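So the sequences go chain by chain: G and V. Per the working numbering: the first sequence = residues 1 to 114. Per the working numbering: the second sequence = residues 1001 to 1115. Just so you know, even glycine gets a beta-carbon here, dropped at the ideal spot from N, CA and C. Because the structure is a prediction, the values reported are computed rather than measured.
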Amino acid sequence: QKEVEQNSGPLSVPEGAIASLNCTYSDRVSQSFFWYRQYSGKSPELIMSIYSNGDKEDGRFTAQLNKASQYVSLLIRDSQPSDSATYLCAVNGLSTGGGNKLTFGTGTQLKVEL
Amino acid sequence: DTEVTQTPKHLVMGMTNKKSLKCEQHMGHRAMYWYKQKAKKPPELMFVYSYEKLSINESVPSRFSPECPNSSLLNLHLHALQPEDSALYLCASSQEGGLGLHTQYFGPGTRLTVL
């Protein structure tokens, strides 16, 4: 069974620090990797997508992918209180048409403290 | 524009009621999804439509009935629900195709309460 694992947290970091969120996955054929941010009572919002090994940066966010080790991470630089949310890691396997089935991790709750 | 809209935002229904949730996107996406999310849990896939045809049904009880009238609309018809069906129902859409085209974008959700 495909699995995506995340530390549920809460992960507490001081304002201005770097928050590091990690995710491991079990299915070696996984092709696409996503980080979603979800505020309490709201829907998931796409933060980053990554498909190739290495780093991908977008503003304060950096996604890192290592397919050999089957992990993907999200770094948030200069963390702000508004970053406090649950971060969902999602993994997608080979696309064979008929839609795309994401496997979600259970999410990591991030708290940025003043 | 990466907007997916859902109506209503909130819905309260009794166990004998029939109601429908609606989802709409105008991004030209040809895959649409229904998810159910309980508190402090990740979204749980229910159905996937691809080119207006049902492609994935995750063994969802028949009291949930999906419908895709056209490429922009997705409905979820509800009948004889149970209190444990109370949850946030999320719609998402994505393109069809190869790597990089199938990012899923979520709507704001419908908060459903079954009494």
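query: Using a Cβ-Cβ cut-off of 6 Å (strictly less than) and excluding sequence neighbours within five positions of Ala-17(G), which residues of its own chain qualify?; result: Ser-79
query: To the nearest angstrom, how far is the alpha carbon of Glu-1067(V) from that of Glu-1024(V)?; result: 12 Å
query: Can you name, in chain order, every residue of its own chain whose Cβ lies under 6 Å from the Cβ of Lys-67(G), other than the five neighbours on each side?; result: Asn-53
query: Would His-1029(V) count as contacting chain G if we go by Cβ distances under 8 Å?; result: no
query: As a quick exercise: from Ser-69(G), Leu-110(G), Gly-9(G), pick the residue whose alpha carbon is nearest that of Ser-84(G).; result: Leu-110(G)
query: For Ser-30(G) and Asn-92(G), I'd like the C-alpha separation in whole angstroms.; result: 6 Å
query: Looking at the secondary structure, which residues open and close the beta strand (DSSP E) in which Asp-55(G) lies?; result: 54–58
query: Given this structure, state the Cα-to-Cα distance separating Pro-1083(V) from Val-1114(V), to the nearest angstrom.; result: 5 Å
query: Hey, quick one: how far does the beta strand (DSSP E) through Arg-1111(V) stretch, first residue to last?; result: 1110–1114
query: Rounding to the nearest angstrom, what Cα-Cα distance links Thr-108(G) and His-1010(V) in this structure?; result: 26 Å
query: Measure the CB-CB distance between Val-139(G) and Cys-89(G) and report whether it falls below 8 Å.; result: Absent from the model: residue 139(G). The displayed extent of chain G is 1 to 114, so no value can be given.
query: Mind checking if Gln-1104(V) is an interface residue toward chain G, Cβ cutoff 8 Å exclusive?; result: yes
query: Quick one: give me the first and last residue of the beta strand (DSSP E) that Leu-1081(V) is part of.; result: Careful: Leu-1081(V) lies outside any beta strand (DSSP E) and carries neither H nor E.
query: Do the segment 1055–1066 of chain V and the segment 1030–1046 of chain V meet, that is, are 3 or more Cβ pairs less than 8 Å apart?; result: yes
query: Among Lys-1041(V), Leu-1074(V), Ser-1065(V), which has the Cα closest to the Cα of Ser-1050(V)?; result: Leu-1074(V)
query: Express the C-alpha separation of Gln-1095(V) and Gly-1107(V) in angstroms, rounding to a whole number.; result: 15 Å
query: In chain V, what lies closer than 7 Å to Leu-46(G) by C-beta?; result: Thr-1103, Tyr-1105
query: With DSSP as the reference, please indicate the residues paired to Thr-86(G) in a beta bridge.; result: Gln-38(G), Gln-109(G)
query: How many angstroms separate the CA atom of Lys-56(G) from the CA atom of Leu-75(G)?; result: 10 Å
query: Taking 8 Å as the cut-off, decide whether the C-beta atoms of Pro-44(G) and Tyr-51(G) are in contact.; result: no
query: Classify Leu-10(G) as helix, strand or coil using the three-state DSSP reduction.; result: The displayed chain sequence assigns Pro, not Leu, to residue 10(G). Looking at Pro-10(G) - three-state DSSP - the assignment turns out to be coil, as it is neither helix nor strand.
query: State yes or no: is the beta carbon of Val-1048(V) nearer than 8 Å to at least one beta carbon in chain G?; result: yes
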